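Everything on this sheet refers to the single structure shown next.
Residue numbers (my numbering): 96 to 327.
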(Lines of atoms letter the chains of each structure in order from A and count residues from 1; the text may use other names and numbers.)
(Lines give C-alpha, C1' and ligand atoms only; values in the text may rest on other atoms or scores of the structure.)
Protein backbone atom coordinates (compact mmCIF):
# COMPACT_ATOMS: atom_id res chain seq x y z
CA UNK A 1 0.00 0.00 0.00
CA UNK A 2 1.26 3.49 -0.88
CA UNK A 3 2.10 5.94 1.87
CA UNK A 4 0.13 9.12 1.25
CA UNK A 5 0.62 12.58 2.74
CA UNK A 6 -2.46 14.80 3.08
CA UNK A 7 -1.05 18.31 3.34
CA UNK A 8 -4.24 20.02 4.54
CA UNK A 9 -7.35 18.85 6.32
CA UNK A 10 -9.65 19.73 9.19
CA UNK A 11 -11.37 18.10 12.13
CA UNK A 12 -13.16 15.98 13.02
CA UNK A 13 -11.98 12.68 11.67
CA UNK A 14 -8.95 10.76 10.51
CA UNK A 15 -10.11 7.40 11.84
CA UNK A 16 -10.47 5.92 8.35
CA UNK A 17 -6.91 6.76 7.32
CA UNK A 18 -4.52 3.83 6.90
CA UNK A 19 -1.93 3.64 9.68
CA UNK A 20 0.96 4.78 7.48
CA UNK A 21 -0.75 7.89 6.11
CA UNK A 22 -0.04 11.34 7.54
CA UNK A 23 -2.47 14.24 7.62
CA UNK A 24 -1.98 17.89 8.48
CA UNK A 25 -5.00 19.13 10.44
CA UNK A 26 -5.41 22.91 10.46
CA UNK A 27 -7.21 25.23 12.81
CA UNK A 28 -9.35 28.14 11.71
CA UNK A 29 -10.35 29.89 14.94
CA UNK A 30 -9.79 29.84 18.69
CA UNK A 31 -12.67 27.44 19.24
CA UNK A 32 -10.91 24.52 17.54
CA UNK A 33 -7.36 24.88 18.85
CA UNK A 34 -7.74 22.66 21.93
CA UNK A 35 -9.58 19.95 19.97
CA UNK A 36 -6.87 19.85 17.31
CA UNK A 37 -4.14 19.53 19.92
CA UNK A 38 -6.05 16.70 21.60
CA UNK A 39 -6.56 14.97 18.27
CA UNK A 40 -2.87 15.23 17.48
CA UNK A 41 -1.89 13.87 20.89
CA UNK A 42 -4.21 10.89 20.45
CA UNK A 43 -3.34 10.05 16.84
CA UNK A 44 0.24 9.89 15.63
CA UNK A 45 -0.92 10.27 12.02
CA UNK A 46 -2.05 13.85 12.70
CA UNK A 47 0.23 16.89 12.43
CA UNK A 48 -1.56 19.77 14.20
CA UNK A 49 -1.64 23.38 13.02
CA UNK A 50 -3.25 26.26 14.93
CA UNK A 51 -4.19 29.58 13.41
CA UNK A 52 -6.73 32.28 12.72
CA UNK A 53 -8.37 31.98 9.29
CA UNK A 54 -9.09 35.28 7.51
CA UNK A 55 -12.83 34.60 7.63
CA UNK A 56 -12.79 34.71 11.44
CA UNK A 57 -10.42 37.61 12.12
CA UNK A 58 -13.06 40.10 13.22
CA UNK A 59 -14.78 37.57 15.51
CA UNK A 60 -11.57 36.75 17.36
CA UNK A 61 -11.08 37.72 21.00
CA UNK A 62 -8.83 40.71 21.77
CA UNK A 63 -6.14 38.41 23.18
CA UNK A 64 -6.15 35.79 20.44
CA UNK A 65 -2.56 36.49 19.37
CA UNK A 66 -0.85 36.15 22.79
CA UNK A 67 -3.02 33.12 23.49
CA UNK A 68 -1.92 31.50 20.23
CA UNK A 69 1.71 32.24 20.98
CA UNK A 70 1.40 30.76 24.46
CA UNK A 71 -0.19 27.57 23.15
CA UNK A 72 2.40 27.20 20.39
CA UNK A 73 5.24 27.64 22.86
CA UNK A 74 3.77 24.85 24.98
CA UNK A 75 2.96 22.42 22.16
CA UNK A 76 4.46 21.11 18.93
CA UNK A 77 2.14 22.59 16.32
CA UNK A 78 2.43 24.68 13.19
CA UNK A 79 0.75 27.98 12.32
CA UNK A 80 -2.38 28.08 10.18
CA UNK A 81 -4.40 28.21 8.38
CA UNK A 82 -4.00 31.92 7.94
CA UNK A 83 -3.69 34.38 5.09
CA UNK A 84 -5.80 36.71 2.97
CA UNK A 85 -9.20 36.20 1.36
CA UNK A 86 -10.23 39.30 -0.55
CA UNK A 87 -13.33 37.55 -1.88
CA UNK A 88 -14.59 37.68 1.71
CA UNK A 89 -16.13 41.15 1.68
CA UNK A 90 -17.52 40.74 5.21
CA UNK A 91 -14.01 40.86 6.70
CA UNK A 92 -11.94 44.04 6.52
CA UNK A 93 -8.81 43.62 4.41
CA UNK A 94 -6.71 45.63 6.83
CA UNK A 95 -7.76 43.39 9.71
CA UNK A 96 -6.90 40.34 7.63
CA UNK A 97 -3.45 41.70 6.83
CA UNK A 98 -2.74 42.56 10.46
CA UNK A 99 -3.65 39.03 11.59
CA UNK A 100 -1.62 37.51 8.77
CA UNK A 101 1.48 39.52 9.70
CA UNK A 102 1.16 38.45 13.34
CA UNK A 103 1.03 34.79 12.34
CA UNK A 104 3.91 35.09 9.88
CA UNK A 105 6.01 36.61 12.65
CA UNK A 106 5.00 33.83 15.05
CA UNK A 107 6.08 31.21 12.53
CA UNK A 108 9.44 32.96 12.24
CA UNK A 109 9.93 33.47 15.97
CA UNK A 110 8.97 29.93 16.96
CA UNK A 111 10.47 28.23 13.89
CA UNK A 112 7.19 26.59 12.87
CA UNK A 113 5.76 25.71 9.45
CA UNK A 114 2.87 27.82 8.20
CA UNK A 115 -0.19 27.00 6.06
CA UNK A 116 -1.56 29.82 3.90
CA UNK A 117 -5.10 30.48 2.66
CA UNK A 118 -5.10 32.79 -0.36
CA UNK A 119 -8.13 33.86 -2.41
CA UNK A 120 -8.03 36.81 -4.84
CA UNK A 121 -5.04 38.22 -2.99
CA UNK A 122 -2.04 36.66 -4.68
CA UNK A 123 -0.11 39.85 -5.34
CA UNK A 124 -0.59 41.12 -1.81
CA UNK A 125 0.40 37.81 -0.23
CA UNK A 126 3.58 37.71 -2.32
CA UNK A 127 4.33 41.28 -1.23
CA UNK A 128 3.81 40.47 2.46
CA UNK A 129 5.96 37.36 2.19
CA UNK A 130 8.71 39.49 0.69
CA UNK A 131 8.36 42.06 3.47
CA UNK A 132 8.19 39.58 6.36
CA UNK A 133 10.17 36.74 4.80
CA UNK A 134 9.05 33.19 4.14
CA UNK A 135 9.24 31.23 7.42
CA UNK A 136 12.28 28.95 7.05
CA UNK A 137 10.67 26.06 8.93
CA UNK A 138 8.31 25.54 5.97
CA UNK A 139 5.52 27.37 4.15
CA UNK A 140 2.75 26.04 1.95
CA UNK A 141 -0.23 27.51 0.12
CA UNK A 142 -3.24 25.30 0.58
CA UNK A 143 -5.70 24.64 -2.26
CA UNK A 144 -3.55 26.60 -4.70
CA UNK A 145 -5.72 28.33 -7.31
CA UNK A 146 -3.37 30.91 -8.77
CA UNK A 147 -1.91 31.25 -12.23
CA UNK A 148 1.15 29.40 -13.51
CA UNK A 149 3.05 32.69 -13.18
CA UNK A 150 2.07 32.99 -9.51
CA UNK A 151 3.05 29.37 -8.99
CA UNK A 152 6.51 30.10 -10.39
CA UNK A 153 6.90 33.17 -8.18
CA UNK A 154 5.94 31.36 -4.98
CA UNK A 155 8.02 28.26 -5.62
CA UNK A 156 11.02 30.47 -6.37
CA UNK A 157 10.57 31.91 -2.86
CA UNK A 158 10.70 28.43 -1.35
CA UNK A 159 6.96 28.01 -0.82
CA UNK A 160 5.33 24.61 -1.31
CA UNK A 161 2.12 24.55 -3.39
CA UNK A 162 -0.66 22.19 -2.39
CA UNK A 163 -3.44 21.16 -4.78
CA UNK A 164 -6.87 20.05 -3.63
CA UNK A 165 -9.73 18.05 -5.10
CA UNK A 166 -10.41 20.93 -7.50
CA UNK A 167 -7.95 19.13 -9.79
CA UNK A 168 -10.62 16.49 -10.33
CA UNK A 169 -12.74 19.06 -12.18
CA UNK A 170 -11.89 18.75 -15.87
CA UNK A 171 -13.03 22.33 -16.38
CA UNK A 172 -10.20 23.74 -14.26
CA UNK A 173 -7.74 23.90 -17.14
CA UNK A 174 -5.63 26.76 -15.72
CA UNK A 175 -5.33 25.00 -12.38
CA UNK A 176 -4.19 21.86 -14.15
CA UNK A 177 -1.66 23.90 -16.11
CA UNK A 178 -0.36 25.32 -12.83
CA UNK A 179 0.03 21.78 -11.48
CA UNK A 180 2.23 20.89 -14.43
CA UNK A 181 4.50 23.92 -13.85
CA UNK A 182 5.32 23.20 -10.20
CA UNK A 183 8.73 21.58 -9.69
CA UNK A 184 8.45 18.10 -8.23
CA UNK A 185 10.24 19.14 -5.04
CA UNK A 186 7.63 21.87 -4.28
CA UNK A 187 4.43 19.87 -4.88
CA UNK A 188 1.92 18.80 -2.22
CA UNK A 189 -1.58 17.31 -2.41
CA UNK A 190 -4.46 17.68 0.03
CA UNK A 191 -8.01 16.59 0.70
CA UNK A 192 -9.06 19.81 2.48
CA UNK A 193 -11.02 17.33 4.56
CA UNK A 194 -13.31 16.08 1.79
CA UNK A 195 -11.50 14.85 -1.34
CA UNK A 196 -10.47 11.25 -2.01
CA UNK A 197 -6.70 11.43 -1.59
CA UNK A 198 -5.94 8.24 -3.51
CA UNK A 199 -8.00 9.47 -6.48
CA UNK A 200 -6.34 12.87 -6.28
CA UNK A 201 -2.88 11.30 -6.39
CA UNK A 202 -3.94 9.21 -9.39
CA UNK A 203 -5.27 12.22 -11.32
CA UNK A 204 -2.30 14.43 -10.46
CA UNK A 205 0.08 11.70 -11.61
CA UNK A 206 -1.76 11.43 -14.92
CA UNK A 207 -1.65 15.21 -15.42
CA UNK A 208 2.08 15.34 -14.69
CA UNK A 209 2.89 12.27 -16.78
CA UNK A 210 4.41 10.19 -13.97
CA UNK A 211 3.39 7.01 -12.20
CA UNK A 212 1.25 7.01 -9.08
CA UNK A 213 4.15 5.47 -7.18
CA UNK A 214 6.51 8.27 -8.20
CA UNK A 215 4.05 11.03 -7.30
CA UNK A 216 3.06 9.45 -3.99
CA UNK A 217 6.71 9.08 -3.00
CA UNK A 218 7.53 12.65 -4.04
CA UNK A 219 4.63 14.27 -2.18
CA UNK A 220 5.40 12.12 0.87
CA UNK A 221 8.99 13.37 0.85
CA UNK A 222 7.86 16.96 0.29
CA UNK A 223 5.40 16.76 3.17
CA UNK A 224 8.13 15.47 5.43
CA UNK A 225 10.34 18.42 4.45
CA UNK A 226 7.66 21.10 4.70
CA UNK A 227 6.39 19.92 8.08
CA UNK A 228 9.57 18.42 9.47
CA UNK A 229 9.32 20.51 12.63
CA UNK A 230 6.12 18.66 13.59
CA UNK A 231 7.46 15.15 13.09
CA UNK A 232 8.65 13.15 16.09
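Ideal placement from N, C-alpha and C gives every residue a C-beta, glycine not left out.
Everything numeric in this text was worked out from a predicted model, so none of it was measured.
Residue state for residue 177 is assigned as strand, using DSSP reduced to three classes. Leaving aside the five residues that flank residue 120 on each side, the residues in its chain whose CB is nearer than 8 Å to its CB run, in chain order, 104, 105, 106, 109, 131, 134, 135, 141, 142, 143 and 144. By the 16-neighbour rule on beta-carbons within 10 angstroms, residue 299 is buried. Scanning the segment 217 to 300 from its first residue to its last, the whole beta strand (DSSP E) runs of 3-plus residues come out as 234 to 236, 255 to 258 and 282 to 284. Within the model, the alpha-carbon separation for residue 217 versus residue 224 is close to 11 Å. If you draw a straight line from the Cα of residue 159 to the Cα of residue 212, it is about 19 Å long. Following the DSSP letters along the chain, one finds residue 129 inside the alpha helix (DSSP H) bounded by residues 125 to 137.
The beta-bridge partner set that DSSP reports for residue 118 consists of 101 and 141. Fewer than three pairs of CB atoms, one per stretch, sit closer than 8 Å, so the segment 180 to 196 makes no contact with the segment 295 to 311.
In the three-state DSSP reduction, residue 307 falls in the helix class (H, G or I). DSSP places residue 210 within a strand segment (E or B) once states are collapsed to three. The Cβ-Cβ distance between residue 325 and residue 173 falls below 7 Å. Between residue 283 and residue 255 the beta-carbon gap is near 5 Å, inside 8 Å, which marks them as a contact. Here the alpha carbons of residue 275 and residue 303 stand approximately 6 Å from one another. Taking C-beta atoms as the reference points, residue 229 and residue 179 fail to come closer than 7 Å. Counting along the chain, the unbroken alpha helix (DSSP H) around residue 190 starts and ends at 188 to 205.
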